[in-house]
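Heads up: the structure comes next, in C-alpha cells.
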Amino acid sequence: MTGYIFRRVLQAIPVFFGTTFLIYFMVFAMPGDPVLALFGDKTPSPAVIEQLRQQYHLDQPFIVQYFIYIGGIFRGDLGVSFSGQPVADILARTFPVTIRLAILALLFETVAGILVGLISGLRKGKLFDASALTISLILISLPIFVIAFVAQFVFGVQLGWARTTVGPGAPIQDLVLPALVLASISFAQIVRLTRSSVIETSGLDFVRTAYSKGLSRKRIIPVHILRNSLIPVITYLATDFGVLLVGATVTEGIFNVPGVGNTLYQAIIRGEGPTVVSFVTVMVLLYLVVNLVVDLLYGLLDPRIRFVK
Amino acid sequence: MRSAGHFVAPLEETPIAAIDDVKVAEKPSNLWIDAWRDARRRPIFWISGGLILLVLVVALFPWIFTQTPPNDQCFLSNSNGGPDSGHPLGYTKLGCDVYSRIINGTSTSLSVGLLVIVLTTVLGVFFGAFAGFYGGWVDATLSRLGDIFFSIPYILAAVVIMSVLSQYRSIWTISLAIGLFAWPSTARVLRAEILRVKQADYITASEALGVSKLKILFRHVLPNSIAPVIAITTISLAGAIVAEATLSFLGVGLGSDVMSWGNDINRAQSDLRTNPMTLIYPSAALSITVFSFILLGEVVRDALDPKARALR
Amino acid sequence: MKIRRIGIGAIALAAASALVLSGCATGGDTPSTSSSGDSSAIVSTNGSEPQNPLIPTNTTETGGGKIVDALFAGLVYYDEKGAPVNDVAESIESTDAQNYTVKIKSGLKFTNGDPVDAASFVDAWQYGALLSNAQGSSYFFADIEGYSDSADSPLTGLVVVDDTTFTIKLSTPQSDFPLRLGYSAFYPLPKSAYADMKAFGENPIGNGPYKFASDTAWQHNVQVDLVANPDYTGGRAAKNGGLKIVFYANQDAAYSDLLGGNLDVLDAIPDSQFANYKTDLGDRAVNQPAAIFQSFTIPNRLAHLGGKEGQLRRAAISMAIDREEITKVIFEGTRTPASDFTSPVIDGWTDSLKGADVLKFDPDEAKKLWAEADKISPWEGSFQIGYNSDGGHAGWVDAVTQGLKNNLGIDATGAPYPTFKELLTDEDNRTIQTAFRSGWQADYPGLFNFLSPLYQTGAGSNYGDYSNPDFDALLKKGASETDADAANKDYEAAQEILLTDLPVIPLWYSNVVGGHSEQVSNVKFGWNSVPLYYEVTKK
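Residue numbers (our numbering), protein chains in the order written: chain D, 152 to 460; chain G, 137 to 448; chain Z, 276 to 814.
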C-alpha cells in the first residue's frame, strides 16, 4: 500500500514538468503582446514598454523564460502578476474559496445525482425515469450563463432567498446558490451514469442471489446494488472536481466569487505566464491526489480490484 | 515432474481454445448481430432512429425546409419581432429569421457535436482500455498523460489552438480544440469500469483458456465495460454543441457568418428577459437532437448487454 | 465575460464646459464644507481590481483610477458640470501658454501628517516621468521641458521656488495644459512614498477626500474600504462616511447586486440589461452622454481604400450605416449617434461641422458614391471589421456589417479576435489587413485630447497611419492659441479635414449608463462615467 502510494507520488514529478512546460509553451504561443494590452487604447512610450518587457522577462526566448520560472519555484518564488502581487499570495487567496465552492457543488451533484440516478435505474422506463431525463435535457441544453442568471434573478433579486452575489470572505451560505448552479451541469451526467450502472448491476447474479435469499430491498439496494454501481460515478466525480476548480469561470463571474476560475481566466486573457502556470500546477497536483484517493477507493468498493501487488 | 497442486492439461491434449475458435467461426451470430436483432424489436429504437434521420436530413438538405436565407436580408426594423407569415418563429435581435437560422445551423452543430464525441470516444477508449486492462507501467504512463491534458484549462487550449490555426478555422479545427482536452474524462471512467470487469469470472476463464490478451480486451472486457461510456458520451454531445457556442463567444469559434445553434443561443443571451424565445428555439432543437441520441444510446447499451436482454 | 475595454487608460475626472486658461483658474474656490458625514453611512459602489499598485502615475485603468481619485487631491478637480476648480492650487498662471507659475494653498497635509508643498508635486512628477521607473502615465509629462523617453532625464522645466510655489516650463506652448492637471498623473506624493514605492502602492497615503479605512483596507479581488478624510479641506469633501468599492469581474453581477440591494451606486449597466434597466430602476436610472467616442478605423494601406477611390468608398461606407437605428435597437438608446470626432460633453463641441452630412444615413447617396469608386477600380473581396470578443462588440459590428451588406450590396463581416491584446498587437505591428474597431475615452476634457493622439502624423494611437499636413498644422496652431474660442475654431477646422478624409468612420458617443439604490440620494455622474462619490448621501 505505502509502496503503491510512493510510486504514485513519484509519478507526480514527470507530470509536474510535463504540465508546466506545456502550459508555459501555450501561454507563450498565445498571440498578442501582453504589455501593450496593459494600456488599452492609449500607447505609452516605447521605452516604458521595453522596461516592462524586461521586468517580466518577456524579452527572453521561451525556454529561458521557462527556466527562470522553474528556477524561481525551487527557490520558493512563484513570480509576480502584472499587478505586482506575488503569485503565491493570489494562490493562497483564491484556492480556498474555490475549493469550498467546488466541494459544495460536488456535494449537491453527488447527493442529487446519485439519488435520482438510483431511482431512475430501479424504475427504468417509468414516469420518474422519464421526468428525470426531461429535467436533465433542459439543464444540459441551456448554457451555464442562462442557468446562473435565471437562478440569480429569481432567487436573489425576486424572492430574496439568497444574496445575489458572494459577499466578502465568501461565507458558505452565499456559496449555496452558485454551487447549485455549478452542480446543475454535471447533474445530468451523474444521473445517466448512475442509472446505467444501477441497471447493469441489478442484473448481476449476486443481486439475484440476494433477492432469492430473501434479503430485503432496504438492504439489497444500498449494499449490493449501489455500492457496486458507484465506481464509474466516483471516477466521474473526480474528473468533475478538476473541472470545477478551473472551469467555473462563468459562474464565478456572475456570482462575483473571487476564486480560481475568474482569476485564471483573466490571467490567460492577459497572458500572465507565471500566474497561469502556477494555478495549473496547483490544480494538477490536487488532481493527482484526488485520482490517487479514487484509485484507493476502488479497492474499498470492490475488493477484487487490487493495485497493490 | 509435475507439481501436485494444480494439474493443467497441456494444450495438445485438450485443445479447448481451438474448439472455442471453431465454434465462433461456425456460428454466424456474434455480439453485434445479436445486438441488432434485439434492437430492431424495440419501438424506442425506431423512434430515436427516426428522429436522428430527420435531424440528418435537415443537416444535409436544409433547403427542403426553408428558402429564407439565414444571414442575408436581415433588417434591424424586424429586431426581436414576433412570428409573421413566412417567418414562423419570428426574428432575432439583428432581424434575421429564427426558423431559417435553426434549420441552417443544424449541419454545423451536429457535425461539431458528432466529431467531438467521436474524437473523445476514440481517444478515451484507447487510453482508458489499455490503462485499465494492462495496469502497471502502461496504466501509469497513459493515466498521467491524461492528467496532463486534463489539467490544461480548456479555454487556454482552445484560444491557443484556434489562434494558431486561425487561417484554417473550420468545423474540424474547432472539434479538435474541444475534443483534444475532453477525452481524459471518458478514459478514466472506462478505466475504472475495466478494472472492475476484468476481475469477473468469465475473464479469468478466458485467460485460463489461453485466449490472447488483446482478444480478451476487445471481445469480452470492452463490450461489458462500454455502458458508462455510452451514458457519458450521449450527454457530452450536448456539451460539445454548447462548447462551440462558448468558443464563438470568446472569439475563437467559427465566424459570426457561420450558422450554428450554439452561436444563436449565445447571441440570444442578452435578450433573455425581453425576448426569451430566440434562446428557447435553438435550445429546443439542441434538446431534441440530444434526446434522440440518448434514446439510441439506451437501446445500444441494452442490446450489448446479454443479461439485460435475458431479463426482458 | 465582458470587460469594459474602451480606452482603458482613461481616468480623468472631469467634464469641461469651461476651458481653463492661464490665470482663469484662480477663483472658484468652493468653501469647504468639511463636514465629513455620518461615519456609518458607507456608500457601496462597483469597481474592479486595480491592475497596478495604487501609484497615481502608474494608474492607467478605470479600476485603480477610481480609487486613486478618491485618495488624492491634485492642483485642480472638475466639478459636476466639468468646470475645473482649484483643489490644492491657489492659482495657476501663465501669459504665454508655455511658462506657468503654480501657487498652492499652505498648511495642507497628507493623512500621515507630511505637509503638501511644492516639492510634493515636483518630486512626484519627476518620479512619474523618469524612464527607468516605467510609469504607465509617463507620457503625460512629455510636454514639460527636459522630458525624454530614451534616457533617464530630469524634468528641468520644473523649479521649486518656495514651499508653496513652483514653476513649469513647457517645451512648446500648450494652451490646454492647466486643464490636464486634474488627471491622476499630476497628483502629489508624500515624502515617505519614495522609500518603498511598492509598499506605498499597496497602502497609499494621500491628501484627498478619502483615505484607506485601515492598513488592510485593500482586500485583493474583493473590495477596498475607504473612509472620509476629516483633514481634507477642498471642494470635494465627502458628504458620506466612506466608500466601499466592491470589485466585480462581470458587470452582470454588479447589476444583480444593485437590484438585490447589496450595492448603492453602479456606474456601468451591462449591455445585456439595456432593455430592462429603465423598468427595473425607474427614476434611479441614469443615461447621459459621456466623453467616449467610438469608431472603426480603416487603415490607408488597405486595397481600394486609399487615395481618391478610398475617399469615395469611405464616405459611402459611412453613409450606409444607420446610426440612429443601431443606437436605438442594439444599444437601446445608450449611445448617441456621432456628429464629429469628439464628444458632446467637451467644451467646443458642435454638431454643425461643415461636411458632417457624411455621418447621416443616406443609402442612395452611398450606393452612388460606391459606384463612382468602382469606376476608378472595381471593388473585390469582403469588407471586414476586426474587433476583440472580450469587449462586447459583436452585436454592433454585426449590425454595421449587415447595414453595409444591405445598402452597398457587398460582402461584409466582423473579424473577431479572442483578446484585446491580440487585436492591439496586430494594430501595433500594422499587420492587420481589415478595418478595426477603435475608440477613445478622454484623459482630460479638451477637444485636443480627442484629436492629437489619434490622427496627428506619427502619434502613439494613430494605428491607421493617417497623415495630413494641413490637419497637423491646424492642431499645432490651436495648441499655441491663448484664447479658448480661437483654439476651438482651429480644432473645428481640423475636424472638417477629417470629415473629408475619414481616417476613421465615426459611429457614436457612449453614454454613462448607471443607477443607484433607494438607500442613497444625490447621485450625480461626471462626464467620464464616474459618479461624484463625495456628493452622494446615504439615508
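Each residue gets a CB set at the ideal place from its N, CA and C atoms; glycine is no exception.
What does the alpha-carbon distance come out to for the pair residue i and residue j?
| i | j | result |
| --- | --- | --- |
| valine 394 of chain G | arginine 280 of chain G | 37 Å |
| alanine 256 of chain D | alanine 565 of chain Z | 42 Å |
| glutamine 453 of chain G | valine 805 of chain Z | Residue 453 of chain G is absent from the model: chain G starts at 137 and stops at 448. |
| glycine 346 of chain G | phenylalanine 392 of chain D | 41 Å |
| isoleucine 169 of chain G | alanine 175 of chain G | 10 Å |
| isoleucine 254 of chain D | glycine 354 of chain D | 33 Å |
| proline 479 of chain Z | threonine 617 of chain Z | 34 Å |
| threonine 309 of chain G | valine 296 of chain G | 12 Å |
| tyrosine 507 of chain Z | threonine 335 of chain Z | 25 Å |
| isoleucine 339 of chain G | asparagine 379 of chain D | 18 Å |
| valine 675 of chain Z | phenylalanine 522 of chain Z | 33 Å |
| arginine 359 of chain D | leucine 366 of chain D | 10 Å |
| leucine 777 of chain Z | asparagine 504 of chain Z | 48 Å |
| tyrosine 217 of chain D | threonine 400 of chain D | 26 Å |
Who are the Cβ neighbours of residue i in its own chain at under 6 Å, not counting the five residues just before and after it?
| i | result |
| --- | --- |
| valine 333 of chain G | Val357, Asn360 and Ser361 |
| serine 236 of chain G | Thr202, Thr204 and Pro206 |
| isoleucine 456 of chain D | Tyr449 and Gly450 |
| glycine 249 of chain G | Leu373, Ala376 and Ile377 |
| alanine 361 of chain D | Ile371 and His375 |
| phenylalanine 286 of chain G | Pro320 |
Let's see if you can read the secondary structure: which residues bound the beta strand (DSSP E) around residue i?
| i | result |
| --- | --- |
| asparagine 399 of chain G | From DSSP, asparagine 399 of chain G is part of no beta strand (DSSP E) but of the alpha helix (DSSP H) over 397–404. |
| glutamate 365 of chain Z | 364–369 |
| serine 570 of chain Z | 560–572 |
| tyrosine 530 of chain Z | Counting along the chain, tyrosine 530 of chain Z falls outside any beta strand (DSSP E), though it belongs to the alpha helix (DSSP H) covering 526–534. |
| isoleucine 379 of chain Z | 374–379 |
| leucine 518 of chain Z | 517–522 |
| threonine 320 of chain Z | 317–322 |
| serine 412 of chain Z | Segment: none, serine 412 of chain Z is in no beta strand (DSSP E) and carries neither H nor E. |
| proline 364 of chain G | It is not in any beta strand (DSSP E) - proline 364 of chain G instead sits in the alpha helix (DSSP H) that spans 358–385. |
For residue i, which residues in the same chain have their Cβ closer than 7 Å to its Cβ, ignoring the five residues on either side in sequence?
| i | result |
| --- | --- |
| aspartate 747 of chain Z | Gln731 and Thr732 |
| phenylalanine 266 of chain G | Val274 and Leu278 |
| leucine 463 of chain D | Lying before the first or after the last residue shown, residue 463 of chain D is absent from chain D, which here runs from 152 to 460. |
| valine 248 of chain D | Ala321, Val408, Pro409 and Gly410 |
Quick check on the DSSP output: the alpha helix (DSSP H) that includes residue i runs from which residue to which?
| i | result |
| --- | --- |
| asparagine 763 of chain Z | 759–776 |
| valine 231 of chain D | From DSSP, valine 231 of chain D is part of no alpha helix (DSSP H); its letter is neither H nor E. |
| tryptophan 273 of chain G | 272–287 |
| asparagine 663 of chain Z | Asparagine 663 of chain Z -> not in any alpha helix (DSSP H); beta strand (DSSP E) instead, spanning 657–663. |
| phenylalanine 296 of chain D | 295–302 |
For the putative contact between residue i and residue j, defined by C-beta atoms under 8 Å, what is the C-beta separation to the nearest angstrom?
| i | j | result |
| --- | --- | --- |
| glycine 183 of chain D | threonine 694 of chain Z | 6 Å |
| valine 561 of chain Z | valine 397 of chain Z | At roughly 39 Å, the Cβ-Cβ gap does not stay under 8 Å, so valine 561 of chain Z and valine 397 of chain Z are not in contact. |
| isoleucine 592 of chain Z | leucine 729 of chain Z | Going by Cβ atoms, the distance from isoleucine 592 of chain Z to leucine 729 of chain Z rounds to 19 Å, so no, they are not a contact pair. |
| tyrosine 784 of chain Z | leucine 726 of chain Z | Actually they do not touch by this definition, with Cβ atoms about 15 Å apart. |
| glycine 457 of chain Z | tyrosine 353 of chain Z | 5 Å |
| histidine 208 of chain D | isoleucine 221 of chain D | Not quite, the Cβ-Cβ distance comes to about 12 Å (not below 8 Å), so this is no contact. |
| isoleucine 342 of chain Z | leucine 350 of chain Z | Rounded, the Cβ-Cβ distance is 20 Å, inconsistent with contact. |
Kindly list the residues whose CB is nearer than 8 Å to the CB of residue i, restricted to its own chain and excluding five residues on each side of it in sequence; keep chain order.
| i | result |
| --- | --- |
| threonine 812 of chain Z | Gly312, Ala316, Lys514, Asn515, Val795, Ser796 and Asn797 |
| proline 219 of chain G | Leu225 and Gly226 |
| alanine 474 of chain Z | none |
| glycine 630 of chain Z | Glu771, Leu774 and Thr775 |
Looking at chain B, is there any beta carbon in it that lies within less than 8 Å of the beta carbon of residue i?
| i | result |
| --- | --- |
| phenylalanine 317 of chain G | Looking at the structure shown, chain B is missing, and the protein chains on hand are D, G and Z. |
Exercise. Contact between the segment 399–406 of chain G and the segment 365–383 of chain G: three or more CB pairs below 8 Å?
Worked result: yes
For this session: Please confirm if the segment 749–761 of chain Z is in contact with the segment 476–496 of chain Z, defined as three or more CB-CB distances below 8 Å between the two stretches.
Result: no
Exercise. Between the segment 695–702 of chain Z and the segment 597–607 of chain Z, are three or more C-beta pairs nearer than 8 Å?
Worked result: Of all C-beta pairs linking the segment 695–702 of chain Z to the segment 597–607 of chain Z, fewer than three are shorter than 8 Å, placing the two stretches out of contact.
Problem set entry | Segment contact flag, the segment 402–416 of chain Z with the segment 200–215 of chain D, C-beta cutoff 8 Å, min 3 pairs | yes
For this session: Determine contact between the segment 431–440 of chain D and the segment 156–173 of chain D, defined as no fewer than three beta-carbon pairs at a distance below 8 Å.
Result: yes
For this session: Pair every Cβ in the segment 322–333 of chain D with every Cβ in the segment 345–354 of chain D, then say whether three or more of these pairs are closer than 8 Å.
Result: They do not touch, by the three-pair rule.
For this session: Check whether the segment 525–544 of chain Z touches the segment 303–316 of chain D, taking contact to mean three or more Cβ pairs, one atom from each stretch, closer than 8 Å.
Result: In short, these stretches touch, since the Cβ pair count reaches three.
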